[in-house]
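Residue numbers (the UniProt record's numbering), protein chains in the order written: chain A, 1 to 683; chain B, 1 to 684. Quick reminder that beta carbons are idealized off the backbone N, C-alpha and C, glycines included.
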Amino acid sequence: MSSGFNVFRVGISFVIMCSFYMPTVDSLLELSPQKYFSTLQPGKASLAYFCQADSPRTSVFLEELNEAVRPLQDYGISVAKVNCVKEEISRYCGKEKDLMKAYLFKGNVLLREFPTDTLFDVNAIVAHVLFALLFNEVKYITNVEDLQNIENALKGKANIIFSYVRAIGIPEHRAVMEAAFVYGTTYQFVLTTEIALLENIGSEDVEYAHLYFFHCKLVLDLTQQCRRTLMEQPLTTLNIHLFIKTMKAPLLVCAFGGYSVPKKGYKFQLRTKAWLLAFWELSGKRFAIFIFKKSIDRKRKLPLELTVELTEETFNATVMASDSIVLFYAGWQAVSMAFLQSYIDVAVQLKGTSTMLLTRINCADWSDVCTKQNVTEFPIVKMYKKGENPVSYAGMLGTKDLLKFIQLNRISYPVNITSIQEAEEYLSGELYKDLISYSSVSVLGLFSPTMTTAKEDFSEAGNYLKGYVITGIYSEEDVLLLSNKYAASLPGLLLARHTEGKIESIPLANTHAEDIVQIVTDALLEMFPEITVENLPSYFRLQKPLLILFSDSSINPQYKKAILTLVKQKYLDSLTPSPINSPFTSGITPNAIPPASPLPIIGPTILPAQEWKPPLPAYDFLSMMDAATSQHSTRKIPQCMKETDVQENDKEQHEDKSAVRKEPIETLRIKHWNRSNWFKEVN
Amino acid sequence: MGLSAVAPLWGPPGLLLAIALHPALSVPLRRDYCVLGAGPAGLQMAYFLQHAGRDYEVFERAPRPGSFFTRYPRHRKLISINKRYTGKANAEFNLRHDWNSLLSHDPRLLFRHYSRAYFPDARDMVRYLGDFADTLGLRIQYNTTIAHVTLDKDRRAWNGHYFILTDQKGQVHQCSVLLVATGLSVPNQVDFPGSENVEGYESVSIDPEDFIGQNVLILGRGNSAFETAENILGVTNFIHMLSRSRVRLSWATHYVGDLRAINNGLLDTYQLKSLDGLLESDLRDLAILKDSKGKFHVTLKFFLEEASTNQSADAITLPQDDNDNFAMRVPYDRVIRCLGWNFDFSIFNKSLRLNSGNAFGKKYPLIRASYESKGSRGLFILGTASHSVDYRKSAGGFIHGFRYTVRAVHRLLEHRHHSVAWPATELPITQLTSSIVRRVNEASGLYQMFGVLADVILLKENAMAFEYLEEFPIQMLAQLETLTGRKARHGLFVINMEYGRNFSGPDKDVFFDDRSVGHTEDAWQSNFLHPVIYYYRYLPTEQEVRFRPAHWPLPRPTAIHHIVEDFLTDWTAPIGHILPLRRFLENCLDTDLRSFYAESCFLFALTRQKLPPFCQQGYLRMQGLMSTESLWQHRVESRLLRDDAPTGRDLEDSSQQPGDQELLGAPLAPGPLAQSLDSNKEEL
């Protein structure tokens, strides 16, 4: 841990000390000079107001000073009023009433004296005292050159927090000083009261205080300017604190399993608004994503025993003996291992309730089995059912969708419905009560018994959709009863939407299997869907613009109604409108939204078109090899030049040669694997 | 094919005449593919032809397969290892340490089921080869000696000519393609005065009793010489070994054909002053004289030429007459020749233009890197006789190497004559890193035939997908498109296995300090066999392949990556092996190959115009990787996320994050970023 928080630690320890050794002082201590100086402790700061004993007991200044006692105490600074009595003559005791001053001591060293008029209120007191104490941490500058020099000096080393306040002692100044007290050793604070400096940076609205974060630490090229992020909220202690916290998050999206993280993790205590603001600001200028390092311990044991591990010997026997799901994975592949966790979660949820056997096979061990099953990439999930060809699972690699797939595969596709009554039960959701939570739509194909081709097409489509949507087929003599009731043509489809309790009919005419699949998948889409991680791709596939309503809570029925009206009136035919409201989405508020705008809003956004480039460079081995070769050849030159004194130094020359021959190995820079080096490297 | 070939029994002359007069005999038997020899290489080719349903026939002069092994090695111990335990289940990986099995789909036909010995007995090999042929039902004509091979030009033939084979019975076979797998069957003899006094390895007694108290001189310094010495080391007075070049130890050269430690007992006794010894001299300068007592004296040919022809042996000058401390001044009881074998060129008609190679590879027929003869199209050399391609480099002269080169030849033929393109798997670019990691960790062909066979990845347009071709003969890289039927228009990767540039050689100290490289940035200096990936924007030309830099197996690439050598040959370490590889691939293709959870892809989909390949090929096709319950739980615990939906009203409480990014396979890079993550001071 760097020294970043030493100041802070002092503060903490001081507070603790106070609470143990001193009664918590809320009001101003009144002491005589002698007594006061005896209380001063080394390294401890203290503010004392020396006044004549006969001065009024109350004044505006004393009221403000009294108010400052508590905040200053939080920073480990004690405050006292020292009454100058005649018996104890102190040089701090002024001679005239109106020349009385406050003095700041550290230990018994005088740091500064303050005329009372500079300490005009509590903010000014706190600001001035901290400003004096944090002389090194906060650089006060007055011109652009100073700023440039500081920036240059810190490139590649530390980040800068630059702030402009209109005057010293105002609340914004206090806020900056309070932040500097906490972060002063982590970041370089730079303060100015010169408007010209601010204008130089390019701020538009120079009437207010400004605070910038200069990202200098990552700048390696000295000619490059540090990137700057403006804090767009008013300068209050809390806002600065939140802002700095935000800036502390890495610039790049990056997290990876296996790294351990302090248990506490990041403790963002952001208000939604602050948060949206921060993100809003960032999404425009940089794509900051808060990351946390996933601390999935590599050694953490998954409850693997809930799934059967297959081998070359057991594979065929197992998938032949029972209906099985097989996860083909590679033990060394990160995606495989991430999905394995979801897979185990499925097994946990299905435990004891399913006839489907959950198995897995590690293709890193049983390569041949995987190849024979046509598995060439990982992870792959396949379902093996008796008497059927294995089916590859093509849904999301997650617990929910795989579970749905397994549950929906308990029935056949399409289900053969044999009576009107059964058909009605099917359409009402009664027949597969336990399954409709997985498939909100049931599809029933209606055919007269002679429509064999149409039936085949539908069966093929049903088979294709198995595990995703419940499909059934009705093709009895009395099919007309159903088609009449639901105004469906023959051949035709009935779509029962269980959540809405609606049944729609779609005619089929020479419709091929793939078109039926398309009709059904389209029918699964909603008019005004709430966009989620799971369903976004299916709406993306329509290749229509998405009209997104951002909302920070559940959708107001009013908005919903308005949108639906637009949809129904076909105003939005070329668009897919959808509200968005999920734990993830507060971060994608487009940057066109002013921070103060109330949600929900609809607004146009131009998305950044950046390409996905390599996140980091690779080792350039070719150059390293070239360098080694050229080094090798240049070595030979001095050897040739020595030929003049070959005669005399024949022996030496010989040794030189052997030294040269050894050179390549020495330049190899092959690192030793000894303990001391190892630890150096790791640290 | 055995050189032991017992003179065939021709049967009664009358019968022979009857057969010869049979009218069917004048009609040649036609085959698309003719294989000469039912040794390991011939059987291996027969297996692939049979599996592909091709019209083929194998001709074998002996009555059973593998006749070479019925006699050789003379002392019956094979020096190809039969490693039955590796601690791994992966069958392909285990083949890396099984030097005797042939390739087939039948796991029963693995050599470990035939012998428990690490260095197995040759009889087990004979039994194994017999079973291989029988179990797989390979078409082999035994007891058929092809006595003569000639060409018959015919424009209709696949190659513009047929190969006409005539067997010992006069039967003629017409073949479109000729696959010669006859091995090296002719004992190598060096002509010098007195060479008639020398016994050959092929016929010398192997009974140690016959050598008791004898002085023995062995000519040669290969494994057969040392094997012969090993057998009699304990009963002879001493053994001297004489050869032109110094001994090459296979553990220094990394070439299995050099002297194996299992045979080097004599090195031990020589260096431990136990009377045995090694000498270097060109055999052609020597002469061996037999004296009146039947003992052999070594002298120089030069002295012999000086003396008149009819002088008795005892009168000829010996080196010790001038130099009384001449090393080989003692008379020998026996001189044994162990000088290896040559290819039998005698049956091939001149029209085939099947010539021997240069001085370096004189014992081998001259062939291309595609194993096709330089003299006649359609004639391929397989097995031991094809070792000129990688002589002294890789394992192409041995079963564990040529089983793969035979497969490569078969794949070339399938494309050339049957329009079956070289097998390839087409995969999305997101699988690129994984497919390489998988192969370098298990592929046996790459491992055995390092520097000869390499995997090739052909990129598709925009590098969104690729084709993976296994074990292509890399010296033919320029001709890849015509040989495989695959297109290499958008760049390619070549995955080769290599030892360090300066690590292998007869006088190299392979145990020097710092020989092992552990740091990824030093991977290019790896010494032990390790994967090397070459990236080319364009397919190299023939010129570029031919005039490649010295000691480079391939022309200079656009970029190169070494996966750092691994003590366990397990290149699956996420940070040490996979990450640097991924970064290399990303930088070659100028893309981002990281894996993302669906949540991240979702976020990208809504905030960017483009998505990284992993999201495009997974998430957008509704196959995204969802994060797990426990991950959610973790986030909630670490207060990154509230477990209930945000209300939005309670500002103080909603502390949810904008995007909880989880990248898989994307560990933090060293440098400032990692630091900023490490310096996570959260005492507040």
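Query: Residues that methionine 625 of chain A contacts on chain B, provided the C-beta gap is smaller than 7 Å; Result: Trp524
Query: CA-to-CA distance, asparagine 82 of chain B to residue 729 of chain B, given in whole angstroms; Result: Limits of chain B in this structure are 1 at one end and 684 at the other, which puts residue 729 of chain B out of reach.
Query: Contact check, glycine 395 of chain A vs glycine 467 of chain A, beta carbons under 9 Å; Result: yes
Query: 9 Å Cβ cutoff, glutamate 442 of chain B in contact with chain A; Result: yes
Query: Span separating the alpha-carbon of phenylalanine 512 of chain B from that of isoleucine 140 of chain B; Result: 51 Å
Query: Per-residue contacts from methionine 383 of chain A into chain B (C-beta, under 7 Å); Result: What methionine 383 of chain A touches in chain B: nothing, since even the nearest Cβ is about 15 Å away.
Query: Close Cβ partners of threonine 269 of chain B (< 8 Å) along its chain, the five nearest in sequence each way excluded; Result: Leu233, Leu275 and Asp276
Query: Option nearest cysteine 601 of chain B by Cα separation, candidates B:His173, B:Gly624, B:Glu57 and B:Leu184; Result: B:Gly624
Query: Helix, strand or coil at serine 356 of chain B according to DSSP, with G and I counted as helix; Result: strand
Query: Beta carbon of glutamate 470 of chain B nearer than 9 Å to that of alanine 443 of chain B; Result: yes
Query: Rounded Cβ spacing between alanine 102 of chain A and arginine 174 of chain A (contact assumed at less than 8 Å); Result: No, alanine 102 of chain A and arginine 174 of chain A are not in contact; Cβ-Cβ is about 16 Å, not under 8 Å.
Query: Own chain residues within Cβ distance below 7 Å of alanine 454 of chain B, not counting five before or after; Result: Leu446, Phe472, Ile474, Val494, Ile495 and Asn496
Query: Beta-carbon proximity check, leucine 482 of chain A vs leucine 494 of chain A, cutoff 9 Å; Result: yes
Query: Within 9 Å, strictly: CB atoms of alanine 513 of chain A and tyrosine 438 of chain A; Result: no
Query: Other residues of its chain near threonine 142 of chain A: CB distance less than 7 Å, five sequence neighbours each side excluded; Result: Thr192 and Glu194
Query: Buried/exposed call for isoleucine 578 of chain B, threshold 16 Cβ in 10 Å; Result: buried
Query: Buried versus exposed, by CB contacts within 10 Å (16 or more), glutamine 148 of chain A; Result: exposed
Query: Beta-bridge partners of valine 129 of chain A, as assigned by DSSP; Result: According to DSSP, which records beta bridges pairwise, valine 129 of chain A is partnered with nothing at all.
Query: Valine 440 of chain B to tryptophan 571 of chain B span [Cα, whole Å]; Result: 7 Å
Query: CA-to-CA distance, tyrosine 47 of chain B to threonine 135 of chain B, given in whole angstroms; Result: 11 Å
Query: Chain-ordered chain B contacts of leucine 607 of chain A [CB-CB under 7 Å]; Result: Thr607, Arg608 and Gln609
Query: Residue 687 of chain A in three-state terms, based on DSSP; Result: The requested residue 687 of chain A is not part of the displayed model; chain A covers only 1 to 683.
Query: Interface flag, serine 367 of chain A vs chain B, CB-CB below 9 Å; Result: yes
Query: Alanine 461 of chain A at chain B interface by Cβ criterion, 9 Å; Result: no
Query: Interface flag, tyrosine 559 of chain A vs chain B, CB-CB below 9 Å; Result: no
Query: Chain A contact residues for arginine 246 of chain B, given Cβ-Cβ distances below 7 Å; Result: Those do not exist, as arginine 246 of chain B stays about 20 Å from chain A at its closest Cβ, beyond 7 Å.
Query: Test item: CB-CB of phenylalanine 213 of chain A and isoleucine 244 of chain A under 9 Å; Result: yes
Query: Beta carbon of isoleucine 470 of chain A nearer than 9 Å to that of leucine 408 of chain A; Result: yes
Query: Helix, strand or coil at serine 437 of chain A according to DSSP, with G and I counted as helix; Result: coil
Query: Spatial distance of methionine 626 of chain B from asparagine 484 of chain A (CA atoms); Result: 44 Å
Query: As assigned by DSSP and simplified to three states, the class of threonine 399 of chain A; Result: helix
Query: The segment 603-610 of chain B touching the segment 319-326 of chain A, judged by at least three CB pairs closer than 8 Å; Result: no
Query: Where arginine 337 of chain B falls, given that 16 or more other Cβ within 10 Å makes a residue buried; Result: buried
Query: DSSP-derived helix/strand/coil call for cysteine 34 of chain B; Result: strand
Query: Selection from A:Val348, A:Phe328 and A:Glu313 that minimises the alpha carbon distance to glutamate 305 of chain A; Result: A:Val348
Query: Same chain only: Cβ atoms within 7 Å of arginine 127 of chain B, ignoring 5 sequence neighbours per side; Result: Tyr114
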